[in-house]
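From first to last, the protein sequence lines are chains A and B.
Okay, so the first sequence: first residue is 3 according to the working numbering, each after it adds one.
Okay, so the second sequence: first residue is 3 according to the working numbering, each after it adds one.
The C-beta atom is built at its ideal place from N, Cα and C for all residues, glycine as well.
The structure presented is a predicted model; accordingly, all values stated were derived computationally and were not measured.
To start, the structure under review is shown below, and the notes come after it.
Number of protein chains: 2
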Amino acid sequence: MALRAVKPPHETRIRILDAAEELFMQHGFEGTSMRLLTGKAGVNLAAVNYHFGSKHALIEAVFRRRLDPMNAARLVELDKVEAECAGPAPTPEAVIRAFLAPTLRLIEDAKGGGRNFVRLLGRTYTEPAKPIRQLIGQMYAPIMHRYKTALERALPQMPRDELVWRIHFMFGTLAYTLAATDTVQLIAGCKPEDRYDARLLEQRLTTFLTAGLEAPLKHSIKKAA
Amino acid sequence: MALRAVKPPHETRIRILDAAEELFMQHGFEGTSMRLLTGKAGVNLAAVNYHFGSKHALIEAVFRRRLDPMNAARLVELDKVEAECAGPAPTPEAVIRAFLAPTLRLIEDAKGGGRNFVRLLGRTYTEPAKPIRQLIGQMYAPIMHRYKTALERALPQMPRDELVWRIHFMFGTLAYTLAATDTVQLIAGCKPEDRYDARLLEQRLTTFLTAGLEAPLKHSIKKAA
DNA sequence: CTAGCATTCAAACGTTCGTTTGAATGGGAC
DNA sequence: GTCCCATTCAAACGAACGTTTGAATGCTAG
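So, in structure tokens, the structure goes:
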């Protein structure tokens, strides 16, 4: 505190956002009280309502700070992949890597709150509260459409409804992998350092998801009710 | 109400459990107040504390009622598969089907609360509150070990740490598929009746997960840090 | 009919929640 | 110095929370 040269532009806002990111991840939205949050941030209790307006607006701000840049990066990655590809469309694996990369880059941001945010995000996909799910949904809507059409072109022989489900499965695998902390250690003793080696995780996820997305259809599907 | 012949053994308990199953699924644990819960169940506010002791004990009871039979059924299914298989070990697909079957059977239980419970369960895998995750974790521990060894025998060439991760991915896909309600409709207009056709869902999940679990390793994994 | 017991009930308990208030603070413009 | 405005602060607000209490209820056994 001795050598503070310039005053940061919105230090209080940032301290609140950082504390919220960590506490929402640890205890959920309803489980995190404003008193606990402002205490951890080292700011006054009224600061959240002064700077953000309400608790719900703070939640929204927490997501906007990270999610908007992340999804913008996803579009950039997809542009890059589509520009570089040799054939008429990029491979499924290339599209998957483009989708995963921005998220995994956040994981590597250890001292920044990126890792906290990613775990929070994974949890929020299945958040019970409807307004929060709607918020996430509308933030994802634009990239959802682009990646869906990219995968349709990458897998032209795949029926549309089957592809929709496989994208859904892909989302689930990613969300759960980011959110869950205990289950891997439950299945087998797994070193925490290993958990978030982003390179290794990217390779494992890509292999698993590509194989699942490209899996050939069984005939028995057609005889559905 | 006119023709009630015999009095059910613990009607109030059951009404509470059913209401809790639905409301916990809709609003989460902290988002469901005792007043809302007892109101929906049509019982007195004090009934929960009288019959279960506390809100947390009610949560535990909600899971025990369904999860213990479900995981017992998973062991039976695995026994059956291992007894019937021709070779030294069942195929990965057979093991996966044994794992999925009890869950998907619950989904088909429409008028019973099975469908509500399954969605609740999917959400709870990523529940922020630690005691609840521990509860789920200890309920899963016994079947986890059996299925892990079954898959190790089904995929003897797969490195152990890689397999642990793929089981983790498998869990994630299932949990998210059960929990998420909006995302599929976000990706593409998807009829709700189609969502829970358990047969179709089982086929799609099995195809996706089997391909992911059996995916060949890439060499580049070995050069990890 | 009566005594006993499990259950139900309305009311209240103390605590914690998100939010609001109005005064205090402190740095820049004139 | 003096005003101004953004920000911080301690204190309090009413509402909602999980839980407890003690009386009322209704069935069952003797």
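Going by CA-CA distance only, name the one from the options that's closest to residue i.
{"i": "Ala91 (chain A)", "options": "A:Tyr149, A:Ala213, A:Gly214 and A:Ile16", "result": "A:Tyr149"}
{"i": "Leu108 (chain A)", "options": "A:Lys132, A:Phe119 and A:Tyr127", "result": "A:Phe119"}
{"i": "His147 (chain A)", "options": "A:Glu23, A:His53, A:Asn73 and A:Leu47", "result": "A:Asn73"}
{"i": "Leu179 (chain B)", "options": "B:Arg121, B:Ala156 and B:Thr209", "result": "Before going further, note that residue 179 (chain B) is Thr rather than Leu in the sequence given. Comparing Cα-Cα distances from Thr179 (chain B) to each of B:Arg121, B:Ala156 and B:Thr209, the minimum goes to B:Arg121."}
{"i": "Arg1 (chain B)", "options": "B:Leu47, B:Ala75 and B:Phe171", "result": "In the structure as shown, chain B starts at 3 and stops at 227, and residue 1 (chain B) therefore has no counterpart that could be examined."}
{"i": "Pro237 (chain B)", "options": "B:Leu219, B:His12 and B:Ile169", "result": "Residue 237 (chain B) lies beyond the residue range present for chain B, which begins at 3 and ends at 227; the question has no answer from this structure."}
{"i": "Gly89 (chain A)", "options": "A:Trp167, A:Gln205 and A:Ala156", "result": "A:Ala156"}
{"i": "Glu32 (chain A)", "options": "A:Pro104, A:Pro158 and A:His58", "result": "A:His58"}
{"i": "Leu203 (chain A)", "options": "B:Trp167, B:Met172, B:Glu24 and B:Gly174", "result": "B:Trp167"}
{"i": "Met160 (chain A)", "options": "B:Arg206, B:Leu60 and B:Arg135", "result": "B:Arg206"}
{"i": "Ile134 (chain A)", "options": "B:Cys87, B:Glu24 and B:His29", "result": "B:His29"}
{"i": "Ile61 (chain A)", "options": "A:Leu80, A:Gly139, A:Glu23 and A:His12", "result": "A:Glu23"}
{"i": "Leu25 (chain B)", "options": "A:Pro218, A:Phe173, A:Phe171 and A:Pro130", "result": "A:Pro130"}
{"i": "Ala103 (chain A)", "options": "A:Pro218, A:Pro71, A:Gly114 and A:Lys113", "result": "A:Pro71"}
{"i": "Tyr52 (chain B)", "options": "B:Asp81, B:His12, B:Lys220 and B:Lys113", "result": "B:His12"}
{"i": "Pro158 (chain B)", "options": "B:Gly116, B:Phe171, B:Pro218 and B:Met172", "result": "B:Pro218"}
{"i": "Met27 (chain A)", "options": "A:Phe171, A:Thr126 and A:Lys220", "result": "A:Thr126"}
How about residue i and residue j: do their beta carbons lie closer than 8 Å?
{"i": "Ala181 (chain A)", "j": "Gly124 (chain A)", "result": "yes"}
{"i": "Val64 (chain B)", "j": "Leu19 (chain B)", "result": "yes"}
{"i": "Val83 (chain B)", "j": "Ala96 (chain B)", "result": "yes"}
{"i": "Leu153 (chain A)", "j": "Leu165 (chain A)", "result": "yes"}
{"i": "Val45 (chain A)", "j": "Arg66 (chain A)", "result": "no"}
{"i": "Ala21 (chain A)", "j": "Leu106 (chain A)", "result": "no"}
{"i": "Ile128 (chain A)", "j": "Thr128 (chain B)", "result": "Sequence inspection shows Thr at residue 128 (chain A); the Ile mentioned does not correspond to that position. In this structure, Thr128 (chain B) lies closer than 8 Å to Thr128 (chain A) by Cβ."}
{"i": "Ala100 (chain A)", "j": "Arg68 (chain A)", "result": "no"}
{"i": "Gly174 (chain A)", "j": "Gly139 (chain B)", "result": "no"}
Of all Cβ atoms in chain A, is any one closer than 8 Å to the Cβ of residue i?
{"i": "Tyr52 (chain B)", "result": "no"}
{"i": "Pro130 (chain B)", "result": "yes"}
{"i": "Phe228 (chain B)", "result": "With chain B running from 3 to 227 in the structure shown, residue 228 (chain B) is simply not present."}
{"i": "Arg6 (chain B)", "result": "At Arg6 (chain B), the pLDDT of 36 sits below 50, so the modelled position is not reliable and the matter cannot be decided from this model."}
{"i": "Gly214 (chain B)", "result": "yes"}
{"i": "Ala96 (chain B)", "result": "no"}
{"i": "Arg148 (chain B)", "result": "no"}
{"i": "Arg67 (chain B)", "result": "no"}
{"i": "Ala100 (chain B)", "result": "no"}
{"i": "Gly89 (chain B)", "result": "no"}
{"i": "Ala217 (chain B)", "result": "yes"}
Verify the CB distance criterion: does residue i have a CB-CB separation below 8 Å to chain B?
{"i": "Gln159 (chain A)", "result": "no"}
{"i": "Ala43 (chain A)", "result": "no"}
{"i": "Glu79 (chain A)", "result": "no"}
{"i": "His58 (chain A)", "result": "no"}
{"i": "Lys113 (chain A)", "result": "no"}
{"i": "Ile223 (chain A)", "result": "Because Ile223 (chain A) sits at a pLDDT of 47, beneath the cut-off of 50, its placement in the model cannot be relied upon, and the point is left open."}
{"i": "Phe210 (chain A)", "result": "yes"}
{"i": "Arg117 (chain A)", "result": "no"}
{"i": "Arg76 (chain A)", "result": "no"}
{"i": "Arg107 (chain A)", "result": "no"}
{"i": "Ala182 (chain A)", "result": "yes"}
{"i": "Lys220 (chain A)", "result": "yes"}
{"i": "His12 (chain A)", "result": "no"}
{"i": "Met3 (chain A)", "result": "Confidence at Met3 (chain A) is low in this model, with a pLDDT of 36, below 50, so the placement of that residue should be treated as unreliable; the coordinate-derived value is given next. It does not: the Cβ of Met3 (chain A) has no partner Cβ on chain B nearer than 8 Å."}
{"i": "Glu164 (chain A)", "result": "yes"}
{"i": "Glu32 (chain A)", "result": "yes"}
{"i": "Thr40 (chain A)", "result": "no"}
{"i": "Arg206 (chain A)", "result": "yes"}
{"i": "Arg155 (chain A)", "result": "no"}
{"i": "Met36 (chain A)", "result": "no"}
{"i": "Ala200 (chain A)", "result": "no"}
{"i": "Thr179 (chain A)", "result": "yes"}
{"i": "Arg15 (chain A)", "result": "no"}
Could you check if residue i belongs to the surroundings of the ligand GTP, using beta carbon to heavy atom distance under 7 Å?
{"i": "Gly124 (chain A)", "result": "Among the components modelled here there is no ligand, and therefore nothing to report on the ligand GTP."}
- Spell out a yes or no on whether the stretch 136–149 of chain A and the stretch 37–51 of chain B are touching, meaning 3 or more CB-CB pairs, one atom from each, closer than 8 Å. no
- Is the stretch 199–218 of chain A in contact with the stretch 208–217 of chain B, if contact means three or more CB pairs nearer than 8 Å? yes
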